[in-house]
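Read top to bottom, the protein sequences are chains A and B.
Residue 712 is where the first sequence ends in our numbering, and the numbering goes up by one at each step.
Residue 712 is where the second sequence ends in our numbering, and the numbering goes up by one at each step.
Protein chains: 2
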Amino acid sequence: MTAGSKHLEAPRGTRSAFVTERVRDMITSGQLEPGSRINERVLVEQLNISRTPLREAFKLLEREGLISIRPNVGATVVVFTMDDVEASIEVLIGLESIGAERAAERATEAEIAEVSELHDRMVAAYGAGELMDYFHLNQDIHQKIVDAAKNPALSRVYAEECARIRRFRFAGNRDQARWSRAVHEHEQIRDAFARREGALLRELLRAHHVAGWKAARHAFEAAES
Amino acid sequence: MTAGSKHLEAPRGTRSAFVTERVRDMITSGQLEPGSRINERVLVEQLNISRTPLREAFKLLEREGLISIRPNVGATVVVFTMDDVEASIEVLIGLESIGAERAAERATEAEIAEVSELHDRMVAAYGAGELMDYFHLNQDIHQKIVDAAKNPALSRVYAEECARIRRFRFAGNRDQARWSRAVHEHEQIRDAFARREGALLRELLRAHHVAGWKAARHAFEAAES
DNA sequence: TCGAGGAACATTGCATGCAATATTGACGCC
DNA sequence: GGCGTCAATATTGCATGCAATGTTCCTCGA
């Protein structure tokens with residue numbers, strides 16, 4: 488390795504976690520193309536780590552469903568069909584439904600305040616046209632609501648499923664009209680959460696996801712043709 | 488290692504999957520005690536593989552929540568509290584709820600017949616007092632119903648969550664009265680599925696799990712004192 | 001020209017070696 | 001005797017080497 492190697496090396500004990508996250512980002516951002524094979528050697532050089540932690544990351548990402556590993560051939564980025572994503576969204580809706588009702592019962596005042604604050608920051612990001620910030624704050628809000636249900640298993644599964652299809656949900660708000668409606672929906676969501684109206688919260692979230700996915704699906708199908 | 492203890496070696500390309508399954512079994516069967524540390528060297532010798540696939544398995548099991556890995560210290564079997572298990576069951580119920588309604592709509596006649604056949608075999612296992620066979624057939628039935636929803640993401644997540652808490656659900660049917668009721672509940676479940684009554688199926692499954700967990704929780708709390 | 005066969009090459013799967021870190025246990029001090 | 005300190009040992013994290021397998025591409029015959 489040359490003297491100028493610029494990547495900060497991940498500390499001992501965290502390499503495979505570091506690499507998993509990096510490669511997941513490369514997949515969800517589209518930097519690694521769906522359907523393409525992933526060459527270990529290339530990534531090892533890019534990320535400045537050895538093959539061992541990289542292969543551990545591959546195993547984890549395979550379990551997540553982002554890549555597929557064929558013995559003696561290697562890792563391939565899984566191609567998601569629109570139906571695959573829709574299936575995941577259906578699961579996400581189901582998980583949030585459980586979460587919403589419990590969250591309305593069990594959330595602390597601090598958690599409600601935190602969601603409210605995230606919401607305000609998200610609206611600010613919307614006003615500034617910062618799509619990326621908006622997107623992350625959006626994700627945080629949904630995760631916080633689920634976390635407020637105080638069910639660790641639920642939080643875990645929900646977070647994993649979100650990570651899988653991150654890339655596809657991102658596309659929904661490219662359409663300005665949809666984006667604006669989404670912000671409005673989130674206002675209702677925040678209010679229902681603050682008032683602990685579990686059943687309403689559940690339905691608002693469901694409708695929000697259905698509408699968001701419809702827009703995203705449109706965007707993708709338009710892009711494909 | 489003595490001369491006679493040669494395990495059949497897992498074929499190239501499947502070692503880490505093989506080891507993952509083996510170690511998962513060792514945990515869910517209680518062979519590896521909750522809270523205890525796992526020594527790599529010992530397992531490597533027992534399973535007759537090298538450290539590389541074993542460590543890949545550890546990473547996967549950590550992700551599943553069965554072990555926890557501390558850098559430079561190693562893997563520890565996670566101790567589940569009753570509340571942890573209850574949280575997972577809540578998730579399972581939610582996932583099956585989504586699945587049940589979809590399955591009732593989308594199941595093929597062949598799938599309905601298959602569940603019915605599994606049911607008959609399960610009843611036979613009950614009659615023969617074969618708890619282990621019963622348990623596996625039981626699991627298969629639930630998984631098949633979920634699979635009939637034709638949602639791959641759902642099937643995956645459901646299977647993973649089942650695997651995590653397998654050990655704890657096993658305890659429910661040790662009580663003869665509960666076991667007998669469970670069989671009766673399963674009859675209703677089979678019929679509702681056969682008649683494609685989604686809402687009913689969902690509620691039967693929910694009640695079945697709630698009752699099963701209540702019995703299992705009792706059994707564990709009794710065993711602990 | 002096309003396709004079968006096979007040698008050269010590339011890539012992967014796994015075992016192992018080495019350095020970093022934790023754990024154990026002996027020793028001296030209070 | 002209890003406790004802090006430090007050396008000896010055990011264990012882990014990662015890099016790397018080697019064998020097994022897949023892939024490429026050249027040759028040769030029809």
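Backbone N, C-alpha and C define an ideal beta-carbon position, used for all residues, glycine too.
Note that the coordinates shown come from a computational prediction; the quantities given were computed from them, not determined experimentally.
From residue i to residue j, what does the alpha carbon distance come to, in whole angstroms?
| i | j | result |
| --- | --- | --- |
| S712 (chain B) | R704 (chain B) | 13 Å |
| R665 (chain A) | G517 (chain A) | 23 Å |
| L476 (chain B) | L641 (chain B) | With chain B covering only 488 through 712, there is no way to say anything about residue 476 (chain B). |
| P639 (chain B) | A574 (chain A) | 7 Å |
| F680 (chain A) | A591 (chain A) | 6 Å |
| A709 (chain A) | D620 (chain B) | 51 Å |
| E604 (chain A) | E617 (chain A) | 17 Å |
| A497 (chain A) | P540 (chain A) | 11 Å |
| R661 (chain B) | S667 (chain B) | 10 Å |
| T515 (chain B) | L530 (chain B) | 16 Å |
| R683 (chain B) | Q663 (chain A) | 42 Å |
| V506 (chain A) | R593 (chain A) | 36 Å |
| Q675 (chain A) | R589 (chain B) | 29 Å |
| R509 (chain B) | A615 (chain B) | 28 Å |
With a CB to CB cut of under 7 Å and the five nearest residues on each side skipped, what residues in its chain are close to residue i?
| i | result |
| --- | --- |
| A587 (chain A) | I632, G685, L688, R689, L692 |
| N625 (chain B) | M609 |
| R511 (chain A) | L548, L553, A650 |
| V670 (chain A) | V610, Y613 |
| E520 (chain B) | V564 |
Any idea what DSSP makes of residue i, helix, strand or coil?
| i | result |
| --- | --- |
| T489 (chain A) | Its pLDDT being 37, under 50, T489 (chain A) is placed unreliably by the model, and nothing is read from it. |
| A594 (chain A) | coil |
| V564 (chain B) | strand |
| S516 (chain A) | coil |
| I556 (chain A) | strand |
| V550 (chain A) | In the sequence under discussion, the amino acid at residue 550 (chain A) is Arg, which differs from the Val named in the question. Helix, per DSSP. |
| R502 (chain A) | helix |
| H494 (chain A) | Caution applies to H494 (chain A), whose pLDDT of 49 falls short of 50 and renders its modelled position unreliable; the value that the coordinates give is listed next. Here H494 (chain A) sits in coil by DSSP. |
| R524 (chain A) | strand |
| R625 (chain A) | The amino acid at residue 625 (chain A) is misidentified as Arg; the sequence shows Asn. N625 (chain A): helix per DSSP, three-state reduction. |
| S603 (chain A) | helix |
| D570 (chain B) | helix |
| E647 (chain B) | helix |
| E617 (chain B) | coil |
Check the C-beta distance from residue i over to residue j and give it rounded, since I have them as a contact under 8 Å.
| i | j | result |
| --- | --- | --- |
| E543 (chain A) | S503 (chain A) | 4 Å |
| V697 (chain B) | V644 (chain A) | Not confirmed; about 20 Å, so no contact. |
| M569 (chain B) | F707 (chain B) | 6 Å |
| H606 (chain B) | R677 (chain B) | 5 Å |
| Q630 (chain A) | A612 (chain A) | With a Cβ gap of about 16 Å, Q630 (chain A) and A612 (chain A) do not count as contacting. |
| V572 (chain A) | F657 (chain A) | So it is not a contact: roughly 11 Å between Cβ atoms. |
| R522 (chain B) | V566 (chain B) | Rather than Arg, the amino acid found at residue 522 (chain B) in this sequence is Gly. Indeed, because the Cβ distance is near 5 Å, the residues count as touching under 8 Å. |
| K546 (chain B) | K546 (chain A) | 6 Å |
| V602 (chain A) | I585 (chain A) | V602 (chain A) to I585 (chain A), Cβ: 17 Å. No contact. |
Quick one: what's got a C-beta closer than 8 Å to residue i's C-beta in the same chain, skipping five residues either side?
| i | result |
| --- | --- |
| E672 (chain A) | L691, A694, H695, A698 |
| R557 (chain B) | T563 |
Touching by the beta-carbon criterion (3+ pairs, under 8 Å), the stretch 522-532 of chain B and the stretch 552-563 of chain B: With a cut-off of 8 Å on Cβ pairs, the stretch 522-532 of chain B is in contact with the stretch 552-563 of chain B, counting three or more such pairs.
Contact the stretch 574-593 of chain A vs the stretch 532-551 of chain A: 3+ CB pairs below 8 Å: Using a C-beta cut-off of 8 Å, the stretch 574-593 of chain A makes no contact with the stretch 532-551 of chain A, since fewer than three inter-stretch Cβ pairs fall below that distance.
Any 3 or more C-beta pairs closer than 8 Å across the stretch 546-555 of chain A and the stretch 638-656 of chain A: Touching, yes.
Stretch-stretch touch, CB-based, cutoff 8 Å, three pairs: the stretch 627-646 of chain A with the stretch 586-602 of chain A: Three or more beta-carbon pairs drawn from the stretch 627-646 of chain A and the stretch 586-602 of chain A are found closer than 8 Å, and the two stretches are therefore classed as touching.
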